[in-house]
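Here the structure is laid out as structure tokens; the discussion comes afterwards.
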Ligand SMILES: [Zn+2]
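In my numbering, the protein residues as written are 53 to 352.
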């Protein structure tokens, strides 16, 4: 088991922006403090090159990022002010996701990123706090450079993985599965290979029963060489944006099920965090930390 993290993940948005960027260093600190992870479990990812980003994002969008020359409308869509440092930070995070995949494949294991899961990023634009699509870039690099021909994306963030769905709409080697709030952002959903839209207020029992009915079937049908799991904790009932009714324990059981399915079938798995906007920062950190606790339990 390996965990990607760099101090560059820390980022302070200007006053007035309340996207919870604080969570990244806090998750790492908590996991070390409680003894779930050792400092030696972590590595510092190297940033992606622009050529690697170019497997997925358009030349035009890349040029705008390189020169931070986006229109105010494009920046509004992303959701926070775009600075060079934020553009660079994203390259490290997506680099972590890719290097996680290489580690997971060569060790038949799990690797987690204390960030990433930026599934609202499309080939030609960013939105919903997402600049680069880390899973899409990673999947493209695995297919192009490592002969991987079956990838299963399990996107359980409460928001639909619209960018990922759109990027892989014509790619048979990547199966996109998104389970999300039907009435939540994005209003205009893209079409994944499998979309399951949940009603507002959906609770643990319903959620877990759908997941139990679906995931083993997908694994059997697709025989993926890698699973990419987006473990957003905005499914919690305490979430400001989530609209679902899940408990922290329900989210833990969800993580446990996905990760143990990968382990039982000996399928390499990578995890990126995705969203989490509970009122109390401690709930966000604790729910994300649960994903790592569960992973450590299964892959000790
Ligand atoms: Zn989300």
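Yeah, the Cβ is synthetic: ideal placement off N, Cα and C, and Gly gets one too. Remember, it's a predicted structure, so these values are computed and weren't measured experimentally.
Worksheet item: Should residue 196 be labelled buried (16 or more other beta-carbon atoms within 10 Å of its own) or exposed?
Response: Counting other Cβ atoms within 10 Å of its Cβ, residue 196 stays below 16 and is therefore classed as exposed.
Worksheet item: Whole-angstrom Cβ separation of residue 321 and residue 311, contact assumed at under 8 Å?
Response: Indeed, because the Cβ distance is near 6 Å, the residues count as touching under 8 Å.
Practice prompt. Closer than 8 Å by C-beta to residue 70: which residues in its own chain qualify, once you throw out the five before and the five after it? Chain order, please.
Written response: Counting only Cβ-Cβ distances below 8 Å, and skipping sequence neighbours, we find nothing.
Worksheet item: Taking 7 Å as the cut-off, is the CB of residue 331 close to at least one heavy atom of ligand 1?
Response: No, the Cβ of residue 331 stays beyond 7 Å of every heavy atom of ligand 1.
Worksheet item: When the Cα of residue 340 is compared with those of 303, 154, 315, which residue comes out closest?
Response: Nearest neighbour of residue 340 by Cα position, chosen from 303, 154, 315, turns out to be 303.
Practice prompt. Return yes when the C-beta of residue 131 is under 7 Å from any heavy atom of ligand 1, and no when it is not.
Written response: Checking the Cβ of residue 131 against ligand 1 gives no.
Fill in: Span of the beta strand (DSSP E), counted from its first residue to its last, around residue 206
In this chain, the beta strand (DSSP E) harbouring residue 206 covers 203 to 207.
Worksheet item: From 305, 77, 215, pick the residue whose C-alpha is nearest to that of residue 257; which is it?
Response: Per the Cα distances, 305.
Fill in: Three-state secondary structure (DSSP) of residue 250
Assigned with DSSP and collapsed to three states, residue 250 falls in strand.
Fill in: Where the alpha helix (DSSP H) through residue 195 begins and ends
Element bounds for residue 195: 186 to 198.
Discussion item. Between residue 210 and ligand 1, is there a pair consisting of the residue's CB and a ligand heavy atom that are separated by less than 7 Å?
Written reply: Yes, since a heavy atom of ligand 1 falls inside the 7 Å radius drawn around the Cβ of residue 210.
Practice prompt. Would you give the residue range spanned by the alpha helix (DSSP H) that residue 163 belongs to?
Written response: From DSSP, residue 163 is part of no alpha helix (DSSP H) but of the beta strand (DSSP E) over 162 to 165.
Discussion item. So, with DSSP's three-state summary, where would you put residue 294?
Written reply: Correct three-state label for residue 294: coil.
Worksheet item: Just curious, the alpha helix (DSSP H) that residue 355 is in, first and last residue?
Response: Because the chain here runs from 53 to 352, residue 355 falls outside it and cannot be looked at.
Worksheet item: Out of 301, 105, 57, 95, which has the shortest C-alpha to C-alpha gap to residue 177?
Response: 105 is the residue among 301, 105, 57, 95 whose C-alpha sits nearest the C-alpha of residue 177.
Worksheet item: Could you check where the alpha helix (DSSP H) with residue 264 kicks off and where it finishes?
Response: Residues 256 to 274.
Worksheet item: residue 108 and residue 219 look like a contact to me (Cβ under 8 Å); what is the Cβ gap, rounded to whole Å?
Response: Residue 108 to residue 219, Cβ: 6 Å. Contact.
Worksheet item: Residues in its own chain within less than 7 Å of residue 216 by CB, not counting five upstream and five downstream?
Response: Correct list, in chain order: 171, 185, 187, 188, 205, 207, 228.
Worksheet item: For residue 115 versus residue 333, is the C-beta distance shorter than 8 Å?
Response: Taking 8 Å as the Cβ cut-off, residue 115 and residue 333 do not qualify as a contacting pair.
Practice prompt. Between the Cα of residue 77 and those of 153, 290, 165, 136, spot the shortest distance and give me the residue it belongs to.
Written response: For residue 77, the nearest C-alpha among the options comes from 165.
Worksheet entry | residue 202 and residue 351 closer than 8 Å at C-beta | When the beta-carbon positions are compared, residue 202 and residue 351 stay at least 8 Å from each other.
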